[in-house]
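I have placed the structure first, in the form of C-alpha coordinates, so that the comments after it can refer back to it.
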Amino acid sequence: MFELTQDKQEVRIKNKFLAQVFGLMAIGLLISAIFAYTTSENQIMKAIIFTNPMSYIAMLLVQFGLVYAISGAIEKISSSTATALFLGYSALTGVTLSSVFMIYTQGSIFYTFGITSLTFLAMSFYGYTTSTDLTKMGSYFIMGLWGIIIASIFNIFFRSSGLNFLISILGVILFTGLTAYDVQNISKMNRMLEDGTEIKNRMAVVASLKLYLDFINLFLYLLRFLGQRRD
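This is the structure:
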(Lines of atoms letter the chains of each structure in order from A and count residues from 1; the text may use other names and numbers.)
(Lines give C-alpha, C1' and ligand atoms only; values in the text may rest on other atoms or scores of the structure.)
Protein backbone atom coordinates (compact mmCIF):
# COMPACT_ATOMS: atom_id res chain seq x y z
CA MET A 1 0.00 0.00 0.00
CA PHE A 2 2.82 2.38 0.91
CA GLU A 3 4.71 1.54 -2.30
CA LEU A 4 1.57 2.18 -4.38
CA THR A 5 1.07 5.57 -2.73
CA GLN A 6 4.73 6.43 -3.28
CA ASP A 7 4.49 5.48 -6.97
CA LYS A 8 1.45 7.71 -7.39
CA GLN A 9 3.33 10.56 -5.72
CA GLU A 10 6.29 10.12 -8.09
CA VAL A 11 3.98 10.12 -11.12
CA ARG A 12 2.25 13.27 -9.86
CA ILE A 13 5.58 15.07 -9.40
CA LYS A 14 6.78 13.94 -12.82
CA ASN A 15 3.59 15.10 -14.51
CA LYS A 16 3.73 18.42 -12.68
CA PHE A 17 7.22 19.14 -14.01
CA LEU A 18 6.32 18.14 -17.58
CA ALA A 19 3.18 20.28 -17.40
CA GLN A 20 5.36 23.21 -16.31
CA VAL A 21 7.75 22.63 -19.22
CA PHE A 22 5.11 22.16 -21.91
CA GLY A 23 3.01 24.99 -20.51
CA LEU A 24 5.87 27.49 -20.74
CA MET A 25 6.75 26.23 -24.22
CA ALA A 26 3.13 26.74 -25.33
CA ILE A 27 3.14 30.30 -23.96
CA GLY A 28 6.35 30.95 -25.89
CA LEU A 29 4.79 29.66 -29.11
CA LEU A 30 1.70 31.80 -28.58
CA ILE A 31 3.82 34.91 -28.04
CA SER A 32 5.85 34.12 -31.18
CA ALA A 33 2.69 33.67 -33.24
CA ILE A 34 1.23 36.98 -32.03
CA PHE A 35 4.42 38.93 -32.71
CA ALA A 36 4.92 37.26 -36.10
CA TYR A 37 1.42 38.12 -37.27
CA THR A 38 1.31 41.67 -35.90
CA THR A 39 4.74 42.46 -37.35
CA SER A 40 3.70 41.15 -40.78
CA GLU A 41 0.68 43.49 -40.68
CA ASN A 42 2.70 46.55 -39.63
CA GLN A 43 4.25 48.34 -42.59
CA ILE A 44 6.61 50.42 -40.46
CA MET A 45 7.98 47.37 -38.65
CA LYS A 46 8.44 45.50 -41.92
CA ALA A 47 10.32 48.44 -43.40
CA ILE A 48 12.62 48.71 -40.38
CA ILE A 49 13.38 44.99 -40.24
CA PHE A 50 13.48 43.82 -43.84
CA THR A 51 14.80 46.85 -45.73
CA ASN A 52 17.77 47.25 -43.41
CA PRO A 53 19.91 44.07 -43.26
CA MET A 54 21.75 45.35 -40.19
CA SER A 55 18.51 45.47 -38.19
CA TYR A 56 17.74 41.86 -39.04
CA ILE A 57 21.30 40.73 -38.28
CA ALA A 58 21.22 42.60 -34.96
CA MET A 59 18.03 40.78 -33.95
CA LEU A 60 19.56 37.43 -34.84
CA LEU A 61 22.61 38.22 -32.70
CA VAL A 62 20.37 39.16 -29.79
CA GLN A 63 18.52 35.87 -30.24
CA PHE A 64 21.76 33.90 -30.04
CA GLY A 65 22.72 35.90 -26.96
CA LEU A 66 19.42 35.09 -25.26
CA VAL A 67 19.77 31.38 -26.02
CA TYR A 68 23.24 31.43 -24.48
CA ALA A 69 22.01 33.37 -21.44
CA ILE A 70 19.23 30.85 -20.84
CA SER A 71 21.09 27.61 -21.50
CA GLY A 72 24.75 28.46 -21.00
CA ALA A 73 24.48 30.73 -17.98
CA ILE A 74 21.43 29.21 -16.31
CA GLU A 75 23.28 28.58 -13.03
CA LYS A 76 24.02 32.30 -12.66
CA ILE A 77 20.47 33.61 -13.07
CA SER A 78 17.20 33.05 -11.22
CA SER A 79 14.32 31.03 -12.65
CA SER A 80 12.20 34.19 -12.95
CA THR A 81 14.95 35.93 -14.93
CA ALA A 82 15.34 32.86 -17.14
CA THR A 83 11.59 32.82 -17.75
CA ALA A 84 11.60 36.51 -18.69
CA LEU A 85 14.51 35.93 -21.09
CA PHE A 86 12.69 32.99 -22.67
CA LEU A 87 9.54 35.03 -23.20
CA GLY A 88 11.62 37.87 -24.65
CA TYR A 89 13.34 35.40 -26.95
CA SER A 90 9.95 34.07 -28.06
CA ALA A 91 8.78 37.59 -28.91
CA LEU A 92 11.95 38.37 -30.86
CA THR A 93 11.73 35.06 -32.71
CA GLY A 94 8.17 35.95 -33.67
CA VAL A 95 9.37 39.23 -35.15
CA THR A 96 12.09 37.54 -37.22
CA LEU A 97 9.63 34.87 -38.38
CA SER A 98 7.08 37.44 -39.55
CA SER A 99 8.40 36.96 -43.08
CA VAL A 100 6.59 33.61 -43.09
CA PHE A 101 3.27 35.48 -43.34
CA MET A 102 4.65 37.48 -46.28
CA ILE A 103 5.84 34.41 -48.19
CA TYR A 104 3.11 31.83 -47.54
CA THR A 105 -0.68 31.97 -47.44
CA GLN A 106 -2.30 32.02 -44.02
CA GLY A 107 -4.25 28.86 -44.77
CA SER A 108 -1.12 26.85 -45.52
CA ILE A 109 0.62 28.30 -42.45
CA PHE A 110 -2.22 27.20 -40.15
CA TYR A 111 -2.38 23.79 -41.85
CA THR A 112 1.38 23.27 -41.41
CA PHE A 113 1.12 24.41 -37.80
CA GLY A 114 -1.55 21.76 -37.21
CA ILE A 115 0.57 19.02 -38.80
CA THR A 116 3.58 20.17 -36.77
CA SER A 117 1.54 20.08 -33.56
CA LEU A 118 0.30 16.54 -34.20
CA THR A 119 3.80 15.32 -35.10
CA PHE A 120 5.30 17.04 -32.07
CA LEU A 121 2.71 15.57 -29.70
CA ALA A 122 3.14 12.07 -31.17
CA MET A 123 6.92 12.16 -30.80
CA SER A 124 6.66 13.67 -27.32
CA PHE A 125 4.39 10.80 -26.29
CA TYR A 126 6.85 8.32 -27.78
CA GLY A 127 9.79 9.90 -25.98
CA TYR A 128 7.83 9.90 -22.71
CA THR A 129 6.63 6.29 -22.88
CA THR A 130 9.28 4.33 -24.80
CA SER A 131 11.58 1.97 -22.93
CA THR A 132 14.21 2.38 -25.66
CA ASP A 133 17.20 4.41 -24.53
CA LEU A 134 17.46 7.30 -27.00
CA THR A 135 20.58 8.84 -25.46
CA LYS A 136 22.82 6.82 -27.78
CA MET A 137 21.27 8.77 -30.66
CA GLY A 138 22.54 12.06 -29.26
CA SER A 139 25.83 12.09 -31.18
CA TYR A 140 24.01 11.34 -34.44
CA PHE A 141 21.60 14.21 -33.84
CA ILE A 142 24.50 16.59 -33.19
CA MET A 143 26.28 15.48 -36.38
CA GLY A 144 23.03 15.83 -38.31
CA LEU A 145 22.48 19.34 -36.96
CA TRP A 146 25.97 20.46 -37.92
CA GLY A 147 25.54 18.82 -41.32
CA ILE A 148 22.37 20.82 -41.96
CA ILE A 149 24.02 24.06 -40.81
CA ILE A 150 27.06 23.55 -43.07
CA ALA A 151 24.92 22.48 -46.04
CA SER A 152 22.62 25.49 -45.55
CA ILE A 153 25.57 27.91 -45.53
CA PHE A 154 26.97 26.19 -48.62
CA ASN A 155 23.63 26.50 -50.40
CA ILE A 156 23.42 30.25 -49.75
CA PHE A 157 26.10 30.66 -52.40
CA PHE A 158 25.22 27.83 -54.81
CA ARG A 159 21.40 27.93 -54.53
CA SER A 160 20.91 24.29 -55.46
CA SER A 161 17.24 23.26 -55.48
CA GLY A 162 18.25 19.61 -55.08
CA LEU A 163 20.38 20.36 -52.02
CA ASN A 164 17.62 22.54 -50.60
CA PHE A 165 15.17 19.65 -50.95
CA LEU A 166 17.61 17.29 -49.22
CA ILE A 167 18.20 19.77 -46.38
CA SER A 168 14.44 20.08 -45.89
CA ILE A 169 13.97 16.30 -45.65
CA LEU A 170 16.87 15.94 -43.22
CA GLY A 171 15.53 18.84 -41.17
CA VAL A 172 12.12 17.21 -40.74
CA ILE A 173 13.72 13.87 -39.79
CA LEU A 174 16.22 15.48 -37.41
CA PHE A 175 13.79 17.61 -35.42
CA THR A 176 11.17 14.87 -35.34
CA GLY A 177 13.76 12.62 -33.70
CA LEU A 178 15.09 15.39 -31.47
CA THR A 179 11.62 15.94 -30.04
CA ALA A 180 11.43 12.37 -28.71
CA TYR A 181 15.08 12.52 -27.60
CA ASP A 182 14.63 15.77 -25.68
CA VAL A 183 11.39 14.68 -24.01
CA GLN A 184 13.04 11.48 -22.77
CA ASN A 185 16.01 13.44 -21.43
CA ILE A 186 13.68 15.91 -19.73
CA SER A 187 11.85 13.02 -18.06
CA LYS A 188 15.17 11.61 -16.81
CA MET A 189 16.28 15.03 -15.58
CA ASN A 190 13.01 15.37 -13.68
CA ARG A 191 13.72 12.20 -11.72
CA MET A 192 17.19 13.43 -10.77
CA LEU A 193 16.17 16.85 -9.43
CA GLU A 194 14.38 17.52 -6.17
CA ASP A 195 10.87 18.85 -6.61
CA GLY A 196 10.19 22.51 -5.83
CA THR A 197 13.82 23.64 -5.85
CA GLU A 198 15.14 26.71 -7.64
CA ILE A 199 17.48 24.63 -9.81
CA LYS A 200 14.56 22.51 -10.98
CA ASN A 201 12.59 25.63 -11.90
CA ARG A 202 15.57 26.94 -13.84
CA MET A 203 16.00 23.65 -15.66
CA ALA A 204 12.31 23.72 -16.56
CA VAL A 205 12.98 26.92 -18.52
CA VAL A 206 15.94 25.30 -20.31
CA ALA A 207 13.77 22.30 -21.15
CA SER A 208 11.02 24.58 -22.46
CA LEU A 209 13.54 26.34 -24.69
CA LYS A 210 14.75 23.03 -26.15
CA LEU A 211 11.24 21.86 -26.99
CA TYR A 212 10.35 25.32 -28.33
CA LEU A 213 13.31 25.18 -30.72
CA ASP A 214 12.39 21.63 -31.77
CA PHE A 215 8.85 22.77 -32.59
CA ILE A 216 9.84 25.95 -34.44
CA ASN A 217 12.45 24.20 -36.57
CA LEU A 218 10.14 21.28 -37.37
CA PHE A 219 7.46 23.80 -38.38
CA LEU A 220 9.82 25.72 -40.66
CA TYR A 221 11.10 22.61 -42.42
CA LEU A 222 7.58 21.21 -42.88
CA LEU A 223 6.51 24.59 -44.24
CA ARG A 224 8.97 24.14 -47.11
CA PHE A 225 6.89 21.16 -48.23
CA LEU A 226 3.39 22.13 -47.16
CA GLY A 227 3.48 25.92 -47.46
CA GLN A 228 1.66 27.51 -50.39
CA ARG A 229 3.50 30.58 -51.62
CA ARG A 230 1.65 33.80 -52.26
CA ASP A 231 1.25 34.82 -55.90
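One point on numbering: in the UniProt record's numbering, the residue at position 199 of the sequence shown is 199, and numbering is uninterrupted.
Glycine included, C-beta positions come from ideal geometry on N, C-alpha and C.
Using the Cβ count rule (16 or more neighbours within 10 Å means buried), how would you classify residue i?
i: Ala-180; result: buried
i: Ile-216; result: buried
i: Arg-229; result: exposed
i: Met-102; result: exposed
i: Ser-131; result: exposed
i: Arg-159; result: exposed
i: Ile-57; result: exposed
i: Met-123; result: buried
i: Leu-118; result: exposed
i: Gln-43; result: exposed
i: Phe-125; result: exposed
i: Asp-133; result: exposed
In terms of residue numbering, what span does the alpha helix (DSSP H) encompassing residue i cover?
i: Glu-198; result: 198-226
i: Arg-230; result: Unbroken run through Arg-230: none, as it is neither H nor E.
i: Ile-148; result: 138-158
i: Ser-187; result: 161-192
i: Leu-92; result: 79-96
Note down, in chain order, each residue of its chain lying with its Cβ closer than 7 angstroms to the Cβ of residue i, except the 5 sequence neighbours on either side.
i: residue 232; result: Outside the modelled stretch of the chain, which goes from 1 to 231, sits residue 232, for which no answer is possible.
i: Pro-53; result: none
i: Ser-71; result: Val-206, Leu-209
i: Tyr-37; result: Phe-101
i: Ser-79; result: Glu-198, Asn-201, Arg-202, Val-205
i: Gly-28; result: Phe-86, Leu-87, Ser-90, Ser-208, Tyr-212
Given residue i, which residues of its chain have a CB within under 8 angstroms of its CB, disregarding the five upstream and five downstream residues?
i: residue 232; result: Residue 232 is absent from the model: the chain starts at 1 and stops at 231.
i: Met-189; result: Met-203, Ala-207
i: Lys-46; result: Thr-39, Ser-40, Ser-98, Met-102
i: Glu-194; result: Lys-200
i: Leu-24; result: Thr-83, Phe-86, Ala-204, Val-205, Ser-208
i: Thr-176; result: Thr-119, Met-123, Leu-218
i: Ile-74; result: Ala-82, Arg-202, Met-203, Val-205, Val-206
Taking the DSSP output, what are the residues bridged to residue i?
i: Tyr-104; result: Arg-229
Output needed for residue i: all residues of its chain with C-beta closer than 6 angstroms, excluding positions within five of it in sequence on either side, in chain order.
i: Leu-174; result: Gly-144
i: Leu-85; result: Leu-66, Ala-69, Ile-70
i: Ala-91; result: Ile-31, Phe-35
* Can you list, in chain order, the stretches of the alpha helix (DSSP H) that have 4 or more residues and sit fully within the region 16-72? -> Fully enclosed alpha helix (DSSP H) runs of 4 or longer: 43-50, 53-67.
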